[in-house]
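What follows is one structure encoded as structure tokens, with my remarks underneath.
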Amino acid sequence: MLNSLPESPQVYLFGTCLIDTFYPKAGLDAIALLELAGYEVVFPQAQTCCGQPPYNSGFKAPALKIARQTIKLLSSKDIPVIVPSASCASMIKNHYPALFQKDTSDAQLAHNLSLRTFELIDFLADKLPYGQQLSFPHCKVTLHQSCSALREMGVASAWRAILEKLNNLEICFPENKQECCGFGGTFAVKSDAISAVMTEDKCQNLMATGGASILSGDMGCLMNIGEHIKFEGQADPCLHLASFLVKRFGLNHED
Amino acid sequence: MKTKFSKRIELALADSQLRMNFRGAMDFLRNKRQLAFNDVEEWQALRKKGAAIRQDAIQRLPELLTQLEHQCQQNGIQVHWAEDGNEANKIILNIAQQHNAKQVIKGKSMATEEIELNDFLEKHEIDCIESDMGEYIVQLDNEKPSHIIMPAIHKNTAQITDLFEKKLGISTPSGDVDALIGVGRRILRERFEHADIGISGVNFAIADTGTLCLVENEGNGRLSTTAPPVHIALMGIEKVIPNIQVLPTLQRLLTRSATGQHITSYLNLISSPRKKGELDGPKEVHLVLLDNGRANISQDEKLQSTLACIRCGACMNHCPVYTRIGGHAYGSTYPGPIGQVVMPQIKGFKQEGELLDACSLNGACGEACPVEIDLPELIRTLRHRKQESSSTCWSKEVFIWFVWTKIHLHPWLYRQATLLMAVFRTLNLNYPKGWTRTRTMPKAAKMSLHRQVRERSKTKKKKENE
Ligand code: SF4
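Heads up: the sequence lines are chains A and B, in that order. Terminal number for the first sequence in this note's numbering: 367, no gaps in between. Terminal number for the second sequence in this note's numbering: 580, no gaps in between.
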């Protein structure tokens, strides 16, 4: 019935397997924000994982197969691919192209996909109607800049910038903010002793800031941090940046 | 079963003194480096230049080495080639025996650590004394260096004071670093006088002039290479650079990355033995060129950047794993990220492959490297190679990834799997153990994102049709 109106531009959402299984709320919030920014979100039901877990653990062949499948899936439309996780976004953007022999059609497709792939918050930073945000009393939050956001994707400054545009918000950073939280995918299980110490240090530094919430755009880090804080007997203060923004813009969706 | 490396890691982590020493030292070094590179644009430009210089040298390795050999010989430096550590040791022993040497004094050199020269010479009754203060401390305590730039960084002042008292019978006022250095100096001076041979490493070897370049802060390197009548320099073949014009760039990157210094205290350029009419300097200079797997690495397109390393140590200073476990836990000549990359390549996966696990691929090392070595990518590539070359085709890990791949390659299966997880979400599994040692298990959501999106579009359609 709205056929006469111009169609809104489309984007793919690659939800990531972690958000899909454990934190779907963050995925729905990502959709809500993208819609607020004027996009129609296409969510292919055949998506699974980006393949990063085996890829980083030494298993290249499975990663290659998953990459082929994902590339095919996300190439039927030539539209942006939005990923609500810097590390999964980096897998698609930075590592897929390197998986294939140069000058093959696979490499071409991977390259094309790479150019269209964006981390969610970075993509949204200049597209949200900041004038529409609700007013909130003063509040302090702590930002965890993930390693992928800082380095491979270089989007950590966009995370900060988006928070700086929100009203009455004080943004804190933990001591040693550039240091890894100890997650690293299978590293957390394979090198559990070191990972545990890194996680404990990170959580201590994060909690010491006194922020009401710990925000990040990488659900892997947040799972690591949140589950440790719960292990210590405290409530999980972690929130995906998308979920925090959704609150700020008063976007409610049925959970 | 615990592997040896994981056991060493647990031990290191349990040593609170060690952890404090490392954390303090690494934070200090990182801050100093940060201050030295506070101009981001300059850092990036310098780094680009440094990376290009090293890449070019690695590409032209055979050509540059031939030129270096020729120029050195022209200058009167005797050149020897060693395929591996064993050969290098024998060459050095041979030279020592020709001179009836009983005492050797060594400047700081990681290459001599790599070939375990001290042990080898000792077996042949040649006394080998370290002249670098850090190396001297480590040697005194029968240890190995725990850092490639700061060999004794794992010890604090109090521990060194105790060591000197115990091993040398000399007591110094507690906390007095200068007094400790004074003691070391006095002892080493004597050794310099009596040494038959001086052994050093090489930071850069300049091909077109046949010049050996040694960067150091204490002056011991200069003494080791000038006081004894014979000087033997050992270098990995990758240290060659084309000409002196590229030296300032590399040298600036090296000292700032290593210790945050803008300039080194001593820059030694050694071009020949003592010439006729000259009053000092060694009568003989030998250069031993060590391959030990490097030529093979240089042929491997995906791994050759390993050889660009200028051994500044910044990658370990920035590594969250190294910062916590320190160098000894790695149990290898080179610790930290560069060690994790070098060791499996020169000693094989069987012996050193487990080093590759101790990395979260966070990227801090690669970001700090002054010659743009993509260390995380090298570690990832080596993990792939290790897996591909593994002879055990059916392990628990292989099985897990086999099943994982089956599920994730079939979207329908994958959706059933997430459904299963949602159904059994309240099952409180204490697995995997590594995860639950310091974390609770995450609970699967009642409804996956896939499912919620499906439901959402259903209701949307319904609404539209109404
Ligand atoms: S790999 Fe890079 S950072 Fe590490 S020691 Fe070598 S040059 Fe320095």
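By construction, the Cβ of each residue, glycine as well, lies at the ideal position given by its N, Cα and C atoms. Only a predicted model underlies this, so the values are computations on that prediction, with no experimental measurement involved.
Expected contact under 8 Å - CB spacing of residue i and residue j to nearest Å
i, j, result
"B:Gly480", "B:Asp488", "5 Å"
"B:Leu178", "B:Ala171", "6 Å"
"B:His564", "A:Asp132", "6 Å"
"B:Thr437", "B:Phe136", "6 Å"
"B:Gly450", "B:Arg147", "The Cβ separation is near 15 Å, so there is no contact."
"B:Arg122", "B:Ala443", "4 Å"
Contacts of residue i in chain A (Cβ-Cβ under 7 Å)
i, result
"B:Thr552", "Ala308, Thr311, Glu312, His340 and Phe343"
"B:Tyr528", "Thr160"
"B:Val567", "Phe155"
"B:His498", "Gly170 and Lys172"
"B:Asp471", "Lys302 and Ser303"
"B:Pro546", "Val301"
Nearest neighbour of residue i, chosen from the options [CA to CA]
i, options, result
"B:Arg106", "B:Tyr545, B:Ala347 and B:Ala559", "No information on residue 106 of chain B is available, as it lies outside the stretch 115 to 580 that chain B covers here."
"B:Ile460", "B:Glu486, B:Leu277, B:Gly407 and B:Val360", "B:Gly407"
"A:Ile178", "B:Ala139, B:Gln530 and B:Leu523", "B:Leu523"
"B:Asp241", "B:Ile219, B:Ile209, B:Trp195 and B:Trp526", "B:Ile219"
"B:Leu235", "B:Glu228, B:Lys204, B:Glu197 and B:His213", "B:Lys204"
"B:His213", "B:Pro396, B:Thr378 and B:Gln185", "B:Pro396"
"A:Leu275", "A:Glu287, A:Gly296, A:Gly329 and A:Leu262", "A:Gly329"
"B:Trp549", "A:Ile337, A:Ser188, A:Thr216 and A:Ala138", "A:Ile337"
"A:Phe285", "A:Gly322, A:Asp348 and A:Glu264", "A:Gly322"
"B:Glu249", "B:Pro265, B:Glu239, B:Glu468 and B:Glu197", "B:Pro265"
"A:Ser373", "A:Lys189, A:Gly294, A:Arg180 and A:Asp190", "With chain A represented from 113 up to 367, any question about residue 373 of chain A goes unanswered, as that position is not in the structure."
"B:Lys281", "B:Pro490, B:Lys390, B:Leu127 and B:Val297", "B:Val297"
"B:Phe306", "B:Ile313, B:Gln413 and B:Ala341", "B:Ala341"
"B:Gly164", "B:Glu230, B:Glu228, B:Ile424 and B:Asn189", "B:Ile424"
"A:Leu176", "A:Ile194, A:Ile191, A:Leu148 and A:Gln213", "A:Gln213"
"A:Ile341", "A:Leu327, A:Met319 and A:Gln164", "A:Met319"
"B:Met535", "B:Arg551, B:Lys557, B:Thr339 and B:Glu491", "B:Lys557"
"B:Glu398", "B:Gln418, B:Thr339 and B:Glu468", "B:Thr339"
"B:Leu294", "B:Gly312, B:Ala309 and B:Ile274", "B:Ile274"
Residues of its chain near residue i, where Cβ-Cβ distance is below 6 Å and the 5 sequence neighbours each way are ignored
i, result
"B:Ala428", "Ser371 and Ala482"
"B:Val360", "Ile167"
"A:Phe248", "Asn280"
"B:Ser379", "Asn331"
"B:Thr447", "Glu227 and Glu228"
"B:Gly289", "Thr271"
"B:Pro259", "Val252 and Pro265"
"B:Arg570", "none"
Partners in chain A for residue i, counting only beta-carbon separations shorter than 9 Å
i, result
"B:Ile123", "Ser303, Ala305 and Ile306"
"B:His268", "Result: empty, since nearest Cβ-Cβ is about 17 Å, beyond 9 Å."
"B:Leu127", "Ala305, Ile306, Ala308 and Val309"
Chain-ordered neighbours of residue i on chain B, where CB pairs are closer than 8 Å
i, result
"A:Cys292", "Pro434, Ser474, Asn476 and Ala478"
"A:Phe295", "Ser474"
Own chain residues within Cβ distance below 7 Å of residue i, not counting five before or after
i, result
"A:Cys292", "Cys259 and Met310"
"B:Ile521", "Leu527, Tyr528 and Ala531"
"B:Val567", "none"
"A:Cys333", "His256, Ser258, Cys293 and Phe295"
Chain-ordered chain B contacts of residue i [CB-CB under 7 Å]
i, result
"A:Met335", "Pro556"
"A:Asp132", "Thr532, Ser562, Leu563 and His564"
"A:Pro241", "None at all; the shortest Cβ gap to chain B is about 22 Å."
"A:Ile326", "Residues of chain B passing the Cβ test: none, with the nearest at roughly 15 Å."
Nonlocal neighbours in the same chain, by C-beta distance under 8 Å from residue i, ignoring five residues either side
i, result
"A:Phe155", "Tyr124, Leu125, Gly127 and Ile143"
"A:Ser120", "Gly150, Tyr151 and Glu152"
"B:Asn542", "Met555"
"A:Leu145", "Leu232, Leu236, Leu240, Ala354, Leu357, Val358, Phe361 and Leu363"
"A:Met331", "Thr128, Leu130, Ile131, Phe134, Tyr135, Ala138, Pro196, Ser197 and His352"
"B:Glu239", "Lys216"
"A:Pro185", "In the sequence on display, residue 185 of chain A carries Leu and not Pro. Cβ neighbours of A:Leu185 beyond the five flanking positions: Pro156, Ala158 and Gln159."
"B:Lys576", "none"
Within chain B, the residues that residue i reaches when beta carbons sit closer than 9 Å
i, result
"A:Tyr135", "Pro556, Ala559 and Leu563"
"A:Gln181", "His522, Leu523 and Pro525"
"A:Arg263", "Asn476, Gly477, Ala478, Gly480, Glu481 and Pro490"
Contact list for residue i against chain A, beta-carbon separation under 8 Å
i, result
"B:Ile439", "Ile306"
"B:Met535", "Thr133"
_Check whether the stretch 122-141 of chain B and the stretch 318-330 of chain B are in contact - that is, three or more C-beta pairs closer than 8 Å._
no
*Per the contact definition of three or more C-beta pairs closer than 8 Å, is the stretch 301-309 of chain B in contact with the stretch 207-222 of chain B?*
yes
*the stretch 516-531 of chain B / the stretch 306-324 of chain A touching (three or more Cβ pairs under 8 Å)*: no
_So, does the stretch 338-352 of chain B touch the stretch 399-413 of chain B, judging by three or more C-beta pairs under 8 Å?_
yes
_Within 8 Å, do at least three Cβ pairs link the stretch 294-307 of chain A to the stretch 261-272 of chain A?_
no
*For the stretch 164-175 of chain A against the stretch 501-516 of chain B, are there 3 or more C-beta pairs whose distance is under 8 Å?*
yes
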